[in-house]
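At position 345 of the sequence shown the residue is numbered 345 (full-length UniProt numbering), and the sequence of numbers has no breaks. Note that CB positions come from ideal geometry on N, CA and C, so glycine has one too. These notes are about the structure you will find just below.
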Amino acid sequence: MTTVFITGASGYIGGDLLSVLVSKYPDLHYRLLVRSRDSGQKIKAQYPTVEIIQGSLDDSETLVAESARADIIIPDFTGMKDTADAADHLGAAKAIAQGALEGHTEEHPVYWLHTSGAGIFSFLDTETKVYGEKGEKIYDDVQDIKEIVNFPDHAFHRDVDKAVFEAGSVRPGVLKTAIISPVTVYGQGRGPCSQRSRQIYELAKLTIQRQKVPIIGRGLSFGTDIHIFDLTNLYVILFERALSKQDDGLWGPEAYYLCENGEHCWGELARSIGRICVAEGFIPSAEEEASGFEEAQKWAGYEAASWGLNSRCRARRARLLLGWQPSAPSLESELRDIVKGEYRRLQEAERDA
C-alpha cells in the first residue's frame with residue numbers, strides 16, 4: 001500500500017489537500033504529523049483511517065523515520081508554524097531529505113512535493129527597502145527558471161528551496177523533488193481545522209477594525225493570487241504523477257511550479273475592500289490611512305508585509321507540463337464574501353469576549 005506522509009494537515013493548504021486526497025484515494029495509507037492534540041483529534045474524527053503522529057517540525061528523528069517509510073512526502077510547513085517564515089524550517093527540510101535518501105532506492109523511489117511561497121520574488125523590494133511601489137519584473141517559471149532557482153540566498157524561502165533541490169540532486173533516481181509555490185491564496189478551505197487564508201483576510205479585518213483603508217506607501221505594489229481549489233488541484237495532479245511514477249521532466253532541480261491565476265494591485269485591492277465595507281455598513285467612509293511598512297506590521301503582524309511588496313509571477317510550467325487550468329471563482333468575485341466573513345468573525349469574537 002502506498003504511504004503518504006503529510007505535515008501541516010491542520011493548516012489551510014495542507015488541510016484542503018488532505019480533504020481531496022482522502023476522498024479521491026481513500027485506500028492509501030496517510031500518516032500526518034500534527035502539532036496539537038486538539039487538531040489531531042479533529043482530523044481523526046473527520047478521517048478515521050488516517051494515522052496521527054503527534055509532533056512538531058523540530059522532531060528531527062520523527063521526520064527522518066517517517067520520510068524513510070513514505071512513498072510520497074508532502075511537507076506544508078505553513079500549516080505547522082505561525083510566523084512570517086511559515087514556509088521555512090531548514091532543520092525539518094534536512095531531516096526529511098535524510099530520511100528520504102536513507103530509506104529508498106532507485107527501485108523504490110520517493111517523491112517529495114514541497115510547499116514554498118511566492119514571497120521569494122519580493123527580495124528586490126526588501127533589498128532596497130522600497131515599499132508600496134510597482135515592480136516591473138514579472139517572473140515566468142519556464143522562461144526565467146534558471147534565474148528563479150538561483151536567487152540569492154537571502155531571498156525569502158530560498159534556503160529551504162535550495163535544500164530541497166540539493167537533496168534531490170544527490171541521488172536523482174531515488175529522490176524525486178518538486179516545489180509548488182503558491183501566491184496569495186483565497187477561498188474557503190475544506191480542511192478539518194483551518195479554512196481561512198491570511199493576507200487578504202487580514203487586510204479586510206484591519207479595515208473593519210480601524211475603520212479606515214490601510215495603504216502602504218503609495219499602494220502601487222502588485223501581488224498574484226490563486227483560489228485554494230485551484231492550488232489543491234495542482235497538488236493533486238502532481239500527486240497522481242507520483243502515484244504512477246511518471247517522470248517526463250516533471251521532477252528535479254528545475255521542477256519549480258508557480259500557482260497563480262492573475263494579479264492584483266494591493267492599494268486598489270484595499271480600496272475595493274473599503275468600498276465593500278461602506279456599502280455593507282461596516283465602516284462610515286472609505287477614508288485612506290497611509291502607513292509605512294513597519295507601522296503596518298505593528299497593526300496586522302507579518303501578514304501586512306505582503307501588502308507593500310511586489311510578488312509578480314506567471315505559472316506557465318504547470319499549464320504546459322501538467323495541463324493544469326485554474327477554474328475556481330476569481331478574487332474579484334469572492335471579495336465581498338471575504339469581507340462579510342471577516343465582519344462576522346469580529347462580531348463573534350466580540351460576543352465571546
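**Request:** With Gln41 as the anchor, note down where its alpha helix (DSSP H) starts and where it stops.
**Result:** 37-46 is the extent of the alpha helix (DSSP H) around Gln41.
**Asked** DSSP beta-bridge partners for Phe5?
**Response** In DSSP, Phe5 forms a bridge with Arg31, Ile73.
**Asked** Could you give the distance in angstroms between the alpha-carbon of Glu61 and the alpha-carbon of Ile73?
**Response** Ile73 has its alpha-carbon roughly 16 Å from the corresponding atom of Glu61.
**Prompt:** CA-CA distance, Asp85 and Ala305?
**Reply:** With a pLDDT of only 42 at Asp85, under the threshold of 50, the placement of this residue in the model should not be trusted; the figure read from the coordinates follows. Rounded to the nearest angstrom, the two C-alpha atoms are 11 Å apart.
**Prompt:** Is there at least one non-hydrogen atom of the ligand FMN closer than 6 Å to the beta-carbon of Val236?
**Reply:** Questions concerning the ligand FMN fall outside what the structure shown contains, since it holds no ligand whatsoever.
**Request:** Please list, in chain order, all residues of the same chain as Tyr111 whose beta carbon is under 6 Å from its beta carbon, the five residues on each side excluded.
**Result:** Same-chain partners within the cutoff: Ile72, Lys176, Ala242.
**Message:** Measuring straight from C-alpha to C-alpha, what distance separates Pro172 and Ile200?
**Reply:** Going by the C-alpha atoms only, they are around 38 Å apart.
**Prompt:** Which first and last residues belong to the alpha helix (DSSP H) in which Gly267 is found?
**Reply:** In the DSSP assignment, Gly267 falls within the unbroken alpha helix (DSSP H) covering 266-280.
**Item:** Through-space distance from Leu28 to Leu203, alpha-carbon basis
**Value:** Cα to Cα, the separation comes out at about 39 Å.
**Request:** Please classify Thr115: does DSSP put it in a helix, a strand, or coil?
**Result:** For Thr115, the three-state secondary structure derived from DSSP is strand.
**Message:** On a Cα-Cα basis, can you pick out the residue from Leu90, Phe293, Val22 that is closest to Thr128?
**Reply:** Selection Leu90, Phe293, Val22 evaluated against Thr128 yields Phe293 as nearest (Cα-Cα).
**Asked** Looking at C-alpha atoms only, which residue of Gly281, Val142, Arg190, Met1 is the closest neighbour of His108?
**Response** A check of alpha carbon separations from His108 across Gly281, Val142, Arg190, Met1 identifies Met1 as the nearest.
**Asked** If we call anything under 7 Å between Cβ atoms a contact, is Asp140 one with Arg319?
**Response** No, they are not a contact pair.
**Request:** Return yes when the Cβ of Asp225 is within less than 7 Å of the Cβ of Leu331, no when it is not.
**Result:** For Leu331 and Asp225, yes; Cβs fall inside 7 Å.
**Minimum C-alpha distance to Glu133 - residue among Gly40, Ser122, Pro152** = Looking from the CA of Glu133, the closest CA among Gly40, Ser122, Pro152 belongs to Ser122.
**Message:** DSSP three-state label for Ala84, please.
**Reply:** The pLDDT assigned to Ala84 is 42, lower than 50, so where the model puts this residue is not dependable, and the model offers no usable value.
**Item:** Cβ neighbour criterion (16 or more within 10 Å) applied to Glu303
**Value:** Taking every protein chain shown into account, the CB of Glu303 has 16 or more other CB atoms within 10 angstroms, so this residue is buried.
**Request:** May I have the straight-line CA-CA distance separating Arg345 from Asp144, to the nearest angstrom?
**Result:** Looking at the two C-alpha atoms, the distance is approximately 41 Å.
**Request:** Check the C-beta distance from Lys44 over to Ile52 and give it rounded, since I have them as a contact under 8 Å.
**Result:** Right, the Cβ-Cβ distance comes to about 6 Å (below 8 Å), so this counts as a contact.
**Prompt:** Secondary structure at Phe229, three-state DSSP: helix, strand or coil?
**Reply:** Correct three-state label for Phe229: helix.
**Message:** Please give me, in chain order, every unbroken run of the beta strand (DSSP E) with length at least 3 that falls completely inside the stretch 281-337.
**Reply:** Within the stretch 281-337, the runs of beta strand (DSSP E) that reach at least 3 residues and sit entirely inside it are, in chain order, 288-291.
**Asked** How many angstroms separate the CA atom of Ala155 from the CA atom of Glu263?
**Response** One C-alpha to the other measures close to 21 Å.
**Message:** Using the three-state DSSP reduction, which class does Ala93 fall into: helix, strand or coil?
**Reply:** Helix.
**Request:** Give me the Cβ distance between Gln46 and Pro253, rounded to the nearest whole Å; I'm assuming they're in contact under 8 Å.
**Result:** So it is not a contact: roughly 37 Å between Cβ atoms.
**Prompt:** Buried or exposed: Ile13, going by 16 or more other Cβ atoms within 10 Å of its Cβ?
**Reply:** Per the 10 Å Cβ criterion, buried.
**Asked** Considering only C-alpha positions, which residue in the set Gln195, Ser194, Val170, His157 is nearest to Ile179?
**Response** Scanning Gln195, Ser194, Val170, His157 for the CA closest to the CA of Ile179 turns up His157.
**Message:** Once DSSP output is grouped into helix, strand and coil, what is the label at Val174?
**Reply:** In the three-state scheme derived from DSSP, where H, G and I count as helix and E and B as strand, Val174 is classed as coil.
**Item:** Beta-carbon separation (whole angstroms), Val236 vs Val20, contact threshold 8 Å
**Value:** 6 Å between Cβ atoms; contact.
**Prompt:** For Val183, which of helix, strand or coil comes out of DSSP?
**Reply:** Of the three classes helix, strand and coil, the one that applies to Val183 here is coil, per DSSP.
**Asked** Over what stretch of residues does the beta strand (DSSP E) that includes Gln54 continue unbroken?
**Response** Under the DSSP assignment, Gln54 falls in the beta strand (DSSP E) whose first and last residues are 51-54.
**Prompt:** Using the beta-carbon count (16 or more within 10 Å), is Gly267 buried or exposed?
**Reply:** Buried, because 16 or more other Cβ atoms sit within 10 Å of the Cβ of Gly267.
**Beta-carbon proximity of Thr207 to Ile273, cut-off 7 Å** = For Thr207 and Ile273, yes; Cβs fall inside 7 Å.
**Message:** Can you tell me whether Ala279 is buried or exposed? The criterion is at least 16 other CB atoms within 10 Å of its CB, across all chains shown.
**Reply:** Exposed, since its Cβ has fewer than 16 Cβ neighbours within 10 Å.
**Item:** Nearest-angstrom beta carbon gap, Phe77 and Gly8 [assumed within contact, 8 Å]
**Value:** Correct: roughly 6 Å between the Cβ atoms.
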